[in-house]
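At position 203 of the sequence shown the residue is numbered 203 (full-length UniProt numbering), and the sequence of numbers has no breaks. Report on the following structure.
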Amino acid sequence: MKKLTALLLVCILLCGIAVTAAAESPYPLRQKTDMEEKRGVYYEIFVRSFADSDGDGVGDFNGVTAKLDYLKDLGIEGIWLMPINASDSYHGYDVTDYYTVNEDYGTEADFQTLLDEAHKRGIKIIMDFVINHTSSNHPWFRSSRNVNSEYRDYYTWVSSSDPDYDPSDRSDWGSNVWQRGSGGYYYYGMFSSGMPDLNYENPKVRQEVISAAQKWLKMGVDGFRLDAAMHIYGNHEQKHITQTNLYKNLEWWNEFAIACEEINPDVYLVGEAWKDDEALAEYAQPFDTKFNFAFEENMIDRVTGENAMLDSSTSLSAFLENVLNQHYAADAQYLDGVFGTNHDQNRIMSTVKNEQQAKLVANIYMTLDGNPYIYYGEEIGMKGAKPDERIREPFKWTDDGSGMDTDWTSNISNRNTTALSEQMQDENSLYHYYKELIATRKASAALTQGKYEAVDAGNNNIMAYTRTYQNEKVYVYHNFSGSSVTLNIPEAAEGEVLFKASDETNLNGNTVTLGAYSSIFIQTQEDPQDLQPGDVNNDGSITVSDVLLIQKHVAHQEVLTGAYYTAADVDRSGTVDLKDVLLVQKKIANMIPDFS
C-alpha cells in the first residue's frame, strides 16, 4: 500500500503542475488526435513535372490520378502536392487565389477525383499551403497599393520616415526585405519583390487564410505542408527566433490548427522551418511533423565524406537522438519529418559520388522514426542541381515520352537516367531497391513506429541505432566508408537479418560484416509482456514515465479538449481519464518492490 500511495502522490503532484502549465498558456493549445493514423511513407510531387494526361506537355491532376496505382505498388501511403493554388509562376509558391486551383493542372472537379481515387487506395493527400506571402499579382496586393484600400493592412506598408523602415534590413540569405512601392512607400517582402508578406497582425488576414484552408479540408484534403512556417512573424535575419516572435508564430499556428480540426479532427499538419536553431523545436507542438533539416544536411555530408557541419567526433546517431529529444520535450507526440532531398535542394544522385551512396541515404532515412518523404524521381535515380528548374525536371516514365511524360521544360539533367519502364524490368534496379526498402519498413512495427535509440558502434565510420516497439527490436547499422567493415555486435543483436544492402553484407553469430556504403537491419524478438496498452512512450514496457505522460494528458483534459494519448486508453472506453491512470498505476504497483 505504501508503494502505491507514494506513486499516487508523485503523480498527483505532477498532475497539478501540468494543469497549472496548461492554464497559464496565453492562447488555446492544439490537442492532437491518434498520431498512429498519421504515420506513413510520403511522396512529394511537383504536378507540373509528374504526369501529363492530355498531351499539352504540362503535368496535371488527372495525370497524378492515373499514376496512383504505381504509387500504391511502390508502397506510398501519402502524397504531398507542391502548390496547386492559382499562381502566375511555374512553381506556384506565389499564390494569386487561395480558393481556386491552378488551371494548368485541371479543374476543381479533376482535383476532387484525385482526392477520391487516392482515398480509395488508402493514400492520403496533403497540399502545399503557401500563406506567408502572396504573389504581387494577387488582387489583395494590387488593391493594397492604394493607401485608402480595405486591403492596405493585408500587407505591411511603411514610408521611408517610418521607424520600422530600415533599408539595411536583410533576409537570412542577404537580400533586401523592404521593396519599393509607390508614393514613397515600401512594402515587406522577405523572399522577393514579387512575394509580398501577408500581415498577420490583421485578424482579417488570419480569417481569410483559415477560410481557404477549411474549403480544401471540406473537399477531402487530409492536411497541409505549411511553407515558410517560422516567418509569419519576425521574418528577416535572426529576428524570427526572438521569444516574442516565436510565441506569436506558435499562437498563430495553434489558432490555424484548431480551426482546421473543426473540419477534420485528424488533419495532418507539416511545418517547414528550415533552421537548426534549438528554439525551433517548439514548433513540434502545433505541428504534427516538422522537416528535420538539421539531420538531413549532416547526413548528406556524412555519406559523401564532406562532414562539414557535424564535428567529426560527434556520432550522427547521437546527434539525431539529441534533436529528437528536444522535439519530444516540446511535444511527446511529435512525428519527425525525415527525407533525403526536396524541391529546394540538389537531387541525391547529383550530390553523392555513386549509386551505393544514394542507396545508403535511403537506407538511413527510411529506417528512422517519423514519416519518411521521398521526392518524386528519387526512386529511379533522377539527377538535378541548381538552379531550381533543373531539380524539378519531368519524371522519366519512358525513354520515348509515351508514358505520360511531361515536356514543359527540357529534361537536361536526366538524358542518361534509366527510365522507370526499363527499371521495372530489372530486379537489380534502384526502383526495385526502393520498393523492397519501403516494404521492409512497413512490415516492421519497430521500424514504423518504434522508439529510436542511438548505439555507439565504436567506429566513426558506422552509424548505429535501434528501433523498439513492444517486443520487437531492430538493430540498424550503416557503413559510411568505401571499404568493408567488420563489427562485434551485442548478443541481443544475434537475430534475423531483416534487410541487407549488398551481397558483401552478412551476419555471422555476433559478428556483422558491412560492405562499402552498405547497411544491415537485424530483427530480434524479446519476451512479450502483457503491458502494452499503457506503453505510451513505446519503449516496450510500462514505467513511471508512462504514468506521468498519461497524467499530463488527464491534466490537460481538465482545461482543453481532444484525445491526447490514445495508446493510454487502457480500459478501451474511447477516452483517456483517471480510470486509465489508475489501471496503469496498479500494474506498476505490482511490479516494483515495497518502498522502505
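Don't be surprised by glycine CBs; every beta carbon is placed ideally from N, CA and C.
Check, Outcome
"Can you grab the Cα-Cα spacing for the pair residue 597 / T511, in whole Å?", "As shown, the chain starts at 1 and ends at 596. That puts residue 597 outside it, with no answer to give."
"Tell me, which residues are paired with P372 by DSSP?", "V338"
"Who are the near neighbours of N249 in its chain, counting only those whose CB is closer than 7 Å to its CB and skipping five residues on each side?", "M230, I232, Y233"
"With DSSP collapsed to three states, give me the class of E261.", "helix"
"Hey, how far is the Cα of F339 from the Cα of D288?", "16 Å"
"May I ask you to verify whether the segment 129–144 touches the segment 76–95, counting CB pairs closer than 8 Å and requiring at least 3?", "yes"
"Using CA coordinates, which residue listed in A281, Q326, T486, N346 is at the minimum distance from E297?", "N346"
"For R225, which three-state DSSP category applies?", "strand"
"Output the distance between the C-alpha atoms of L74 and Y186, rounded to the nearest integer angstrom.", "49 Å"
"Rounded to whole angstroms, what's the CA-CA distance from G55 to L71? Just pull it up for me.", "21 Å"
"So what's A51 in DSSP terms, helix, strand or just coil?", "coil"
"How many angstroms separate the CA atom of residue 632 from the CA atom of I364?", "It is not possible to answer for residue 632, since the shown part of the chain is limited to 1 through 596."
"Can you give the beta carbon distance from T304 to V352, rounded, assuming they're within the 8 Å contact cut?", "6 Å"
"Mind reading off the beta-carbon distance from D94 to G181? Whole number of angstroms is fine, and I expect it under 8 Å.", "In fact, because the Cβ distance is near 17 Å, the residues do not count as touching under 8 Å."
"Measure the beta-carbon distance from A516 to N479 and round it to whole angstroms, keeping in mind my assumption that it falls under 8 Å.", "7 Å"
"Along the chain, which unbroken stretches of the alpha helix (DSSP H) at least 4 residues long are found entirely within the segment 367–449?", "420–423, 430–443, 445–449"
"Expressed to the nearest angstrom, what Euclidean distance is found between the alpha-carbon atoms of G106 and L487?", "55 Å"
"What number of angstroms, rounded off, separates the C-alpha of T406 from the C-alpha of G458?", "49 Å"
"Evaluate the contact criterion for the segment 110–130 versus the segment 205–223: three or more CB pairs, one atom per stretch, below 8 Å.", "yes"
"If you drop the 5 nearest sequence neighbours on each side, which residues of the same chain put their C-beta closer than 7 Å to that of N199?", "D153, Y154, Y155, T156, V205"
"Classify G78: buried if its beta carbon has 16 or more other beta carbons within 10 angstroms, exposed otherwise.", "buried"
"Find out if the Cβ-Cβ distance for the pair T96, N137 is shorter than 8 Å.", "yes"
"With D97 as the anchor, note down where its beta strand (DSSP E) starts and where it stops.", "95–101"
"Which same chain residues, not among the five before or five after G184, have their C-beta less than 8 Å away from its C-beta?", "S159, S160"
"In or out: R441 buried (at least 16 other Cβ within 10 Å) or exposed?", "buried"
"Report yes or no: do the segment 391–399 and the segment 411–424 share at least 3 C-beta pairs separated by less than 8 Å?", "yes"
"Closest by CA to Q470, which one among Q525, A439, N428?", "Q525"
"Ordered along the chain, which non-local residues of its own chain (more than five positions away) have a Cβ less than 6 Å from that of V476?", "T367, Y465, F521"
"Helix, strand or coil for T107? Go by DSSP, reduced to three states.", "coil"
"If I follow the unbroken beta strand (DSSP E) through T33, where does it start and stop?", "That residue, T33, is in no beta strand (DSSP E); it is neither H nor E in DSSP."
"Where do the ends of the beta strand (DSSP E) carrying M219 lie?", "M219 -> not in any beta strand (DSSP E); alpha helix (DSSP H) instead, spanning 203–219."
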